[in-house]
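What follows is the structure, given as structure tokens:
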């Protein structure tokens with residue numbers, strides 16, 4: 001039987017832990033609300049932008065643009081990976097790593113043919129540890145300046161694709177469906193692909209017409225930025241939701257552990273009391 | 001067939017209407033009027049007012065920066081900020 005004092009100490013420590021996880025759950029809940037709001041505000045814009053780009057990619061005559069260049073041999077593949085900065089959020093990051101590794105495996109890529117563009121500290125740490133080539137690492141700033149990261153990232157990936165450093169670009173991040181449902185997802189970005197056969201084969205008039213290449217490349221560049229932005233928002237909301245669930249579980253488990261420990265503490269105390277009484281009775285009997 | 005008009009900025013949907021008869025946009029190369037059956041076009045916007053007419057109302061909103069895409073009788077206007 002473990003001694004009373006050590007059980008008592010254990011209970012106190014588990015109680016402390018429970019308090020911390022409870023607080024973390026509350027904090028994550030508050031942050032989730034904020035993140036959800038930001039995400040929902042941005043969603044219609046991103047959806048409208050995507051629709052516009054789909055319309056444009058389905059138009060034959062725009063296909064001379066370098067964004068549509070399908071390379072004959074795909075050697076180098078780029079992945080934008082969006083993870084969180086902090087841990088303690090359940091399987092959130094692990095699921096993303098798994099998706100990335102699966103994608104690398106599926107394409108039989110060597111380490112030096114894989115180009116990673118990473119947003120989020122956890123992702124950077126993981127892939128550095130596993131010896132992958134990291135072309136861009138946003139560091140820790142995901143939370144504060146979402147837009148600037150998207151801007152930087154989109155510029156770099158577009159340059160790398162046009163210069164031929166990468167032949168394909170995918171973005172892997174966690175999509176947010178509900179507070180209890182987030183799934184990692186991989187989407188191809190470069191080269192742009194048409195999604196349906198041409199319905200309106202009419203060409204676009206591009207204004208100002210003197211430099212339509214510039215107009216298009218600005219629109220497409222912005223599209224990449226918007227696409228990264230919405231994913232950063234979704235990833236942030238997903239991270240908070242995931243952390244909230246993880247901390248909820250932890251709080252519940254701590255409660256269970258406290259119950260168990262309290263039971264064994266009471267048992268131990270009872271035994272001690274019984275032994276003491278026995279001692280007293282024996283002592284009294286001896287004196288008779 | 002009436003036009004579909006959708007105006008969004010990065011915060012919310014500003015206008016979403018399925019029966020617009022006429023729309024006027026402050027495009028980069030001058031104000032552009034759009035009626036159903038207009039040729040597909042893409043253009044950046046200047047600062048100005050987007051005016052549109054539904055069955056019996058005239059409306060307008062301010063536009064600052066962004067671009068417009070027109071195809072399939074659908075006007076998509078994406079504003080910045």
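Chains as they are written, first to last, in this note's numbering: chain F, 1 to 288; chain B, 1 to 81.
For each residue, glycine too, the CB sits at the ideal point set by N, CA and C.
Test item: CB-CB of residue i and residue j under 8 Å
| i | j | result |
| --- | --- | --- |
| residue 232 of chain F | residue 124 of chain F | no |
| residue 17 of chain B | residue 35 of chain B | no |
| residue 95 of chain F | residue 166 of chain F | no |
| residue 29 of chain B | residue 99 of chain F | no |
| residue 234 of chain F | residue 174 of chain F | yes |
| residue 170 of chain F | residue 108 of chain F | no |
| residue 82 of chain F | residue 119 of chain F | yes |
| residue 38 of chain B | residue 67 of chain B | no |
| residue 124 of chain B | residue 203 of chain F | The structure shown does not extend to residue 124 of chain B, since chain B is modelled only from 1 through 81, so no value can be given for it. |
| residue 334 of chain F | residue 158 of chain F | The first residue shown for chain F is 1 and the last is 288, placing residue 334 of chain F beyond what the model contains. |
| residue 80 of chain B | residue 44 of chain F | no |
| residue 15 of chain B | residue 24 of chain B | no |
| residue 18 of chain F | residue 255 of chain F | yes |
| residue 68 of chain F | residue 191 of chain F | yes |
| residue 43 of chain B | residue 51 of chain F | no |
| residue 227 of chain F | residue 258 of chain F | no |
| residue 194 of chain F | residue 58 of chain F | yes |
| residue 237 of chain F | residue 101 of chain F | no |
| residue 48 of chain F | residue 78 of chain B | yes |
| residue 268 of chain F | residue 11 of chain F | no |
| residue 4 of chain F | residue 286 of chain F | no |
is_contact[residue i, chain F] using C-beta, thresh 8 Å
| i | result |
| --- | --- |
| residue 45 of chain B | no |
| residue 24 of chain B | no |
| residue 10 of chain B | yes |
| residue 55 of chain B | no |
| residue 75 of chain B | no |
| residue 27 of chain B | yes |
| residue 13 of chain B | yes |
| residue 78 of chain B | yes |
Chain-ordered chain F contacts of residue i [CB-CB under 7 Å]
| i | result |
| --- | --- |
| residue 6 of chain B | 48 |
C-beta neighbour in chain B for residue i, strict 8 Å
| i | result |
| --- | --- |
| residue 206 of chain F | yes |
| residue 224 of chain F | no |
| residue 14 of chain F | no |
| residue 219 of chain F | yes |
| residue 36 of chain F | no |
| residue 51 of chain F | yes |
| residue 215 of chain F | yes |
Contact list for residue i against chain B, beta-carbon separation under 9 Å
| i | result |
| --- | --- |
| residue 56 of chain F | 42, 69 and 71 |
Where residue i meets chain F, residues with beta-carbon distance less than 9 Å
| i | result |
| --- | --- |
| residue 39 of chain B | 202, 203, 204 and 205 |
7 Å Cβ cut-off: residues of chain B touching residue i
| i | result |
| --- | --- |
| residue 42 of chain F | 10 |
| residue 45 of chain F | 8, 9, 10 and 78 |
Minimum length 4: unbroken alpha helix (DSSP H) runs contained in the segment 8-64 of chain F | If we require 4 residues or more, the segment 8-64 of chain F turns out to have no alpha helix (DSSP H) run fully inside it.
Pairing CB atoms from the segment 40-57 of chain B with CB atoms from the segment 269-281 of chain F, are three or more of them under 8 Å?
-> no
At least three beta-carbon pairs within less than 8 Å, the segment 178-186 of chain F to the segment 210-223 of chain F | no
May I ask you to verify whether the segment 69-88 of chain F touches the segment 227-247 of chain F, counting CB pairs closer than 8 Å and requiring at least 3?
-> yes
Please determine if the segment 41-51 of chain B and the segment 60-71 of chain B are in contact, where contact requires at least 3 C-beta pairs separated by less than 8 Å.
-> yes
Pick out the complete alpha helix (DSSP H) segments inside the segment 142-230 of chain F, 4 residues or longer, and give them in chain order.
-> Along the segment 142-230 of chain F, the alpha helix (DSSP H) occurs as fully enclosed runs of 4 or more residues at 146-162, listed in sequence order.
Unbroken stretches of the alpha helix (DSSP H), 4 residues or longer, contained in the segment 5-81 of chain B = none
Taking only runs that begin and end inside the segment 81-134 of chain F, name each unbroken beta strand (DSSP E) of 3 or more residues, in chain order.
-> 114-119
Count the C-beta pairs between the segment 155-172 of chain F and the segment 102-122 of chain F that are closer than 8 Å, then say yes if the count reaches three, no if not.
-> Counting Cβ pairs under 8 Å, three or more are found: they touch.
Counting pairs of Cβ atoms below 8 Å between the segment 246-254 of chain F and the segment 19-29 of chain F, do you hit three or more?
-> yes
Quick one: any contact between the segment 36-50 of chain F and the segment 252-265 of chain F, if contact means 3 or more CB pairs under 8 Å?
-> no
Does the pairing of the segment 121-137 of chain F with the segment 40-52 of chain F give three or more beta-carbon distances under 8 Å?
-> no
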